[in-house]
Each structure stands twice: as C-alpha cells, then as structure tokens.
Amino acid sequence: MTYQVDDKGYYGEFGGAFIPEMLHSNIENLKNQYIKLIYEEGFQKEFNDLLKDYVGRPTPLYLAKRLSGLYGGKIYLKREDLNHTGAHKINNTIGQILLAQRLGKKRIIAETGAGQHGVATATVCALMGLECIVYMGKVDIARQAPNVARMRMLGAEVRPALSGSQTLKDATNEAIRDWINNPEDTHYIIGSVVGPHPYPDMVARFQSVISEEMKWQLLEKENRESPDYIVACVGGGSNAAGAYYHYLDDESVTLVAVEAAGKGIHTGESAATSVLGSRGIIHGSRTLLMQTEDGQIVEPYSISAGLDYPGIGPQHAHLIASGRAKVYSATDKEALVSAMELSKIEGIIPALETSHALAILGQMKIKDHEIVIVNLSGRGDKDLATYIDYLDNPEGEHKTDHGHGK
4 MTYQVDDKGY YGEFGGAFIP EMLHSNIENL KNQYIKLIYE EGFQKEFNDL LKDYVGRPTP
64 LYLAKRLSGL YGGKIYLKRE DLNHTGAHKI NNTIGQILLA QRLGKKRIIA ETGAGQHGVA
124 TATVCALMGL ECIVYMGKVD IARQAPNVAR MRMLGAEVRP ALSGSQTLKD ATNEAIRDWI
184 NNPEDTHYII GSVVGPHPYP DMVARFQSVI SEEMKWQLLE KENRESPDYI VACVGGGSNA
244 AGAYYHYLDD ESVTLVAVEA AGKGIHTGES AATSVLGSRG IIHGSRTLLM QTEDGQIVEP
304 YSISAGLDYP GIGPQHAHLI ASGRAKVYSA TDKEALVSAM ELSKIEGIIP ALETSHALAI
364 LGQMKIKDHE IVIVNLSGRG DKDLATYIDY LDNPEGEHKT DHGHGK
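The opening residue of the sequence shown carries number 4 in the numbering used here; numbering runs sequentially from there.
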C-alpha cells in the first residue's frame, strides 16, 4: 500500500478536488505545474537558501533527558519552535510564495487559526513585497492577539470571519470566497494539508524537510535513521505530514497522531475528528469530518486555536483508516499540564498545539530501548495569556475557552 497521493489526487478513498467552477482553472493550473516548478534547480536553490539563511534550518533534534527520565526510552524533540516566526508553518509559506511568484500572482490570501500560519504568510509577503490578506475567526483574533499584532506589523490586513463559530473553519470559508472572486491575480496559501488537490500533497512536500532532517540527525546521534515512534499533533495536520513524510513506507516506525479532545471526546466540546468524524467533503476534499447525520458541520472545540478544525487532512484520514497511524487524543487540561511540565523540566515553553502531542507520552508505555521523536511544532509565546490564566487558576475554567466570557 502506498501512502502518497495518486495521480488523481487521492490517498486511498480520501482527497480529490471538489471545487466551484470559478476555481477550476486556478486549481488545474496549480495541479499541472507545481511538481515541475518546485523541483526545478533554481526553485530548489532559492527554497533551500531561504530555509537556511532566513528561517534558520536545520532545526535541532534535541534529546530531552529529563522528559525521557519521566516517560522512559529516549525522547527527542524536533525543534520546529526555533524556526523564524516560531513554528513549522514558515517552511510551507516560503515554498508557496516562491511558487506564487512563478505563477505570476500579485496578491496573497491565507486563513489562520492560531495565527502562526498567518504570521508566516505575512512574513513571506513582506519579504517578497506582495499584498497580503489574512482571514481569521473573530474568536481566534481575540485569543491570539499577539499574532494579530505581528501580522499587522508585517503589513498584512487581518480580516475577521464573523460566521459560524468564528474560528478556523470559518476563516477558511472566507478565504475560499475571496479566491472565487479574485481568481486571476490571487494565490491562496493554504496553511495545512487540507483543501483540494494539489494542496495536501504540495504542503506535505514543503514540510517534508522536517523528516528529511530527522533521518540524518538521528543517524548522527543514534547510528540509525528510524525512531520507533514519531509523535505529532493533528488538526489539519501539516506538522505531522512533514514529520511522517520520509517514514511513511517504513513500517518499523509507528506514526502517532494526537488530536484535541477539548473538554472530553464525548462532551460535545471536542475536535477529535478521527473518533467523532465520518466520511464527507469539507473545503474541497473528501476526508473525515465532524458532521451531523444530514451532513451539517459540527462545530469543533479546543482550547488550542490551531487544532480547532472539524476535519483532518485526507492523507491523515487515509493513514488512520488504513491503520498506518495510531491515534490518541488529549484534553485541554492534559495539554495545559504538559505545557507546564515541559517548561519546568526542559526549559522549553511549547505551543498549546504541541502540548497535546506531549500529553500522551504517559499513555504510550515507552520501553527503555525505544526512541521517540516528538515534533515540537511551535513555541508558546502566542499562548502565554492562556498559560498565565492556568497558573493563576489551575482548577478553573480558562478565559480563552472559545471566548465564553471566561
């Protein structure tokens, strides 16, 4: 079984391009050209030079000794939090801005939840001198204020999404509407491995630098290229797609996806798509998504803005449905506890999204000889208000809980 996309844009039964007629030529153009363009020698040189000199790659693979002492085995952290802008998102936006330039696009739009993709998009638009509009749910604008300020400082216009739950799903809807109205001059930089083909594959290719580095870094440190486990949080799933990419066909590596259980998987306030979801179409691809029996989207919930999405990328849906990836989930409280734990025992403050991945280490029953890599997808600066609230009131509700006046 192959876990990569086929020539029709599918991963098993998931994927495809279910799009309005107005976007057909844009998507077809992208689909027909992206592979050829991104592997041209000139593109690869510019991409790799920017990753090295602007983003700061390679990111370290760090042996977290005290964390390993708590949970067993050897736990390595892939330090994507040390990238310029503070997360893995910049890998993809660098690639897509170079692609947009080669396609002759002058205007860039993006959606964002936690704000990291919005900041990364605003950053590359500033770098290349292109107009940038970022759609962001009104709730996320409130709970991720530092990232909104960064986007504005970088010259981007942040437009609030006021429909639905006013979070990532709704921001994506607004961005797609904009693209339909401006198909000629606009490139939509999707931030995750979601959306119509070729986006899930294209974003995974740009993020695959993560697992490419992991292979040679682990070989240097442990004299082997493959760990026993790779753990990553999954909302849409771009950090996970990048961390898994070069290990997809290596069955000796267990791929671990961690979703946001919110206040508990079956509380009605959760984003654990693989458990609660069923097959359906969202934002242009067939995947697993949270929906009612008559196909209405169920509003997701997570304290983490970046995991607050009702679907998952089609490749992840395929990895989970086929049994290639193992799924866990972590609640808001478990993620908060793990964030505090990593901060206090390793001196690293992780993003709330990453904290979900860390939260399941105790459930894994890691053996002493096993090697685990956790993809530390982002840093926690953007979540400090939530963390401070938790430190002040560890047993209470938390004020960024979806803006419920808390």
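Just so it is clear, CB atoms sit at the ideal spot from N, CA and C, and this is done for glycine as well.
As the structure is a computational prediction, the values presented were derived from the model and not from experiment.
Would you kindly work out how many angstroms separate the C-alpha atoms of residue i and residue j, rounded to a whole number?
i, j, result
"A159", "G309", "20 angstroms"
"V8", "C236", "21 angstroms"
"L26", "F50", "27 angstroms"
"I30", "D392", "44 angstroms"
"K409", "E400", "With a pLDDT of only 27 at K409, under 50, the local geometry of the prediction cannot be trusted, and no value is derived from it."
"E356", "Q210", "17 angstroms"
"A338", "G72", "19 angstroms"
"Y37", "M205", "8 angstroms"
"G406", "T389", "Its pLDDT being 35, under 50, G406 is placed unreliably in this model, and the value from its coordinates should be taken loosely. The straight-line gap from Cα to Cα measures roughly 12 angstroms."
"I192", "K34", "14 angstroms"
"G19", "H190", "19 angstroms"
"M154", "G298", "35 angstroms"
"A123", "Y79", "25 angstroms"
"Q294", "G280", "7 angstroms"
"G75", "L364", "9 angstroms"
"V212", "G121", "20 angstroms"
"D143", "A117", "7 angstroms"
"Y312", "P353", "20 angstroms"
"L165", "N176", "11 angstroms"
"T403", "G45", "With a pLDDT of 47 at T403, under the threshold of 50, the modelled position of that residue is not reliable, and no figure is offered here."
"Q119", "K385", "9 angstroms"
"D129", "M156", "According to the sequence shown, residue 129 is Ala rather than Asp. Spanning the two alpha carbons is a distance of roughly 10 angstroms."
"L70", "G271", "32 angstroms"
"Q318", "A207", "9 angstroms"
"Y14", "G107", "30 angstroms"
"A274", "A264", "6 angstroms"
Starting from residue i, trace the alpha helix (DSSP H) both ways and give me its first and last residue.
i, result
"G98", "K92 to R105"
"E349", "D335 to E349"
"Y312", "From DSSP, Y312 is part of no alpha helix (DSSP H); its letter is neither H nor E."
"E296", "Here E296 belongs to no alpha helix (DSSP H), and DSSP marks it neither H nor E."
"L221", "V212 to E225"
"R162", "Taken as a continuous stretch (DSSP letters only), R162 belongs to no alpha helix (DSSP H), being part of the beta strand (DSSP E) at E160 to A164."
"Y247", "S241 to Y247"
"M367", "It is not in any alpha helix (DSSP H) - M367 carries neither H nor E in the DSSP assignment."
"V142", "K141 to R146"
"T389", "L387 to D395"
"E177", "L171 to N184"
State the beta-bridge partners of residue i as determined by DSSP.
i, result
"K77", "I374"
"I112", "I136 and Y191"
"K11", "K11 pairs with nothing; no bridge assigned."
"Y331", "V261"
"R382", "P353"
"T290", "G283"
"A274", "A263"
"G18", "Y13 and R289"
Along the chain, where does the beta strand (DSSP E) that runs through residue i open and close?
i, result
"V127", "V127 -> not in any beta strand (DSSP E); alpha helix (DSSP H) instead, spanning Q119 to M131."
"I233", "Y232 to C236"
Within 8 angstroms (strictly less), CB to CB, does residue i reach chain C?
i, result
"D335", "Considering every chain present, this structure includes no chain C. It has just one protein chain."
Do the stretch 372-387 and the stretch 222-233 make contact, defined as three or more Cβ pairs closer than 8 angstroms? Taking one beta carbon from each stretch, the stretch 372-387 and the stretch 222-233 have 3 or more pairs nearer than 8 angstroms; the two touch.
Could you tell me whether the stretch 296-309 touches the stretch 165-181, where touching means 3 or more Cβ pairs closer than 8 angstroms? Contact holds: three or more Cβ-Cβ distances are below 8 angstroms.
Quick one: complete beta strand (DSSP E) runs, 3+ long, within the stretch 35-84? Correct list: 64-66 and 77-82.
Does the contact criterion of 3 or more C-beta pairs under 8 angstroms hold for the stretch 282-302 versus the stretch 247-264? The stretch 282-302 is not in contact with the stretch 247-264.
Counting pairs of Cβ atoms below 8 angstroms between the stretch 51-61 and the stretch 331-349, do you hit three or more? Of all C-beta pairs linking the stretch 51-61 to the stretch 331-349, fewer than three are shorter than 8 angstroms, placing the two stretches out of contact.
Do the stretch 213-223 and the stretch 324-336 make contact, defined as three or more Cβ pairs closer than 8 angstroms? No: the two stretches stay apart, fewer than three of their Cβ pairs being nearer than 8 angstroms.
I'd like to know if the stretch 315-331 and the stretch 82-90 are in contact, where contact means that at least 3 CB-CB pairs between them fall below 8 angstroms. Result no; under three Cβ-Cβ pairs closer than 8 angstroms.
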